[in-house]
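Asks:
In my numbering, the protein residues as written are 4 to 225.
#1: I believe residue 137 touches residue 175 by the beta-carbon criterion, under 8 Å. Please report the beta-carbon distance rounded to the nearest angstrom.
#2: For residue 91, count neighbouring Cβ atoms within 10 angstroms of its own Cβ and tell me buried if that reaches 16, exposed if not.
#3: Determine the direct distance from the alpha carbon of residue 86 to that of residue 24, and round the result to whole angstroms.
#4: Quick one: using the 10 Å Cβ neighbour count with 16 as the cut-off for buried, is residue 108 buried or exposed?
#5: So, with DSSP's three-state summary, where would you put residue 26?
#6: Using DSSP bridges, identify the partner residues of residue 199.
#7: Decide if residue 184 is buried, meaning its Cβ has at least 16 other Cβ atoms within 10 Å, or exposed.
#8: Rounded to whole angstroms, what's the CA-CA distance from residue 193 to residue 78? Just pull it up for me.
#9: Under the DSSP definition of a beta bridge, which residues are partnered with residue 154?
#10: What does a CB cutoff of less than 6 Å around residue 145 pick up in its chain, not counting 5 residues either side in sequence?
#11: Sorted by chain position, which residues of the same chain lie with C-beta nearer than 6 Å to residue 28's C-beta, five sequence neighbours on each side aside?
#12: Taking only runs that begin and end inside the region 93-145, name each unbroken alpha helix (DSSP H) of 4 or more residues, in chain order.
#13: Applying the 10 Å Cβ sphere with the 16-neighbour rule, what's the burial state of residue 88?
#14: Quick one, are the C-beta atoms of residue 208 and residue 139 less than 8 Å apart?
#15: Can you check DSSP and say which residues form a bridge with residue 76?
#16: Taking the beta strand (DSSP E) that residue 215 belongs to, which residues open and close that run?
#17: Could you work out which residue in 156, 76, 182 and 177 is closest to residue 130 when comparing CA atoms only?
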């Protein structure tokens with residue numbers, strides 16, 4: 004979150020500088036990429052360039068083959084987009100670009116109702132086998148393709164929207180065991196089973212390979 008605030012401050016400074024130029028729009032947005040904003044600059048009559056960022060954090064429950072998890076996703080993106088308006092006097096646009104993708108998921112395994120982990124067919128008491136935690140990372144450079152609508156105005160307020168896909172690549176997951184106080188052979192077997200479970204977790208989070216983008220925005224054109 005601290006890195007996001009620094010980036011937001013830098014982007015805000017950039018936006019103020021750009022706003023001194025003619026025809027620059029500043030867009031505040033909300034959607035699946037979280038809360039964010041863009042600065043849009045026309046480079047041709049039918050082409051805009053947008054620079055911006057977004058941040059989103061939320062938690063949810065998930066499961067893989069054997070274990071249940073608490074998954075906390077932190078999505079932060081910094082993108083450079085090109086908008087093309089194929090039809091004159093139309094709000095419809097097509098968009099392509101690249102994002103620096105800092106999305107990641109923190110993972111914590113949850114014992115079952117009996118206070119046990121069941122991994123690879125083996126049952127372990129969570130009280131003495133410790134915690135199972137990990138993370139899921141994605142590719143840092145993510146292409147974006149989408150469409151959208153933004154009414155052209157000479158000056159003042161307008162609304163916009165984006166629908167698209169962010170191609171994050173195959174996720175990489177890691178799980179680790181900490182704080183195991185059981186006998187050594189139990190801890191060793193538990194760690195081995197958790198390593199096998201990691202492959203199932205990778206399959207579970209594989210659906211995030213392509214991240215859906217849906218945003219609505221309110222813009223002001225200087």
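Yeah, the Cβ is synthetic: ideal placement off N, Cα and C, and Gly gets one too.
Replies: This is what the structure gives:
#1: Contact between residue 137 and residue 175 does not hold, since their C-beta atoms are separated by about 10 Å, which reaches or exceeds 8 Å.
#2: Looking at its Cβ environment, which holds fewer than 16 other Cβ atoms inside 10 Å, residue 91 is exposed.
#3: Low confidence applies to residue 24: its pLDDT is 49, below 50, so where it sits in the model is not reliable enough to give any reading.
#4: With 16 or more Cβ atoms within 10 Å of its Cβ, residue 108 is classed as buried.
#5: Residue state, collapsed to three classes: coil.
#6: According to the DSSP secondary-structure assignment, residue 199 is paired through a beta bridge with no residue.
#7: Exposed, by the Cβ-count rule.
#8: Distance between residue 193 and residue 78, taken at the CA atoms: about 31 Å.
#9: Looking at the DSSP assignment, residue 154 forms no beta bridge with any residue, so it has no partner.
#10: 102, 104, 169, 170 and 171.
#11: 43, 222 and 224.
#12: Fully enclosed alpha helix (DSSP H) runs of 4 or longer: 129-132.
#13: In the assembly as shown, residue 88 is a buried residue. Its beta-carbon has 16 or more other beta-carbons within 10 Å.
#14: Yes; because the gap between Cβ atoms is below 8 Å, this pair is in contact.
#15: Per DSSP, the beta-bridge partners of residue 76 are 61 and 108.
#16: Residue 215 -> beta strand (DSSP E) spans 213-224.
#17: When 156, 76, 182 and 177 are compared, the shortest CA-CA separation from residue 130 is found for 182.
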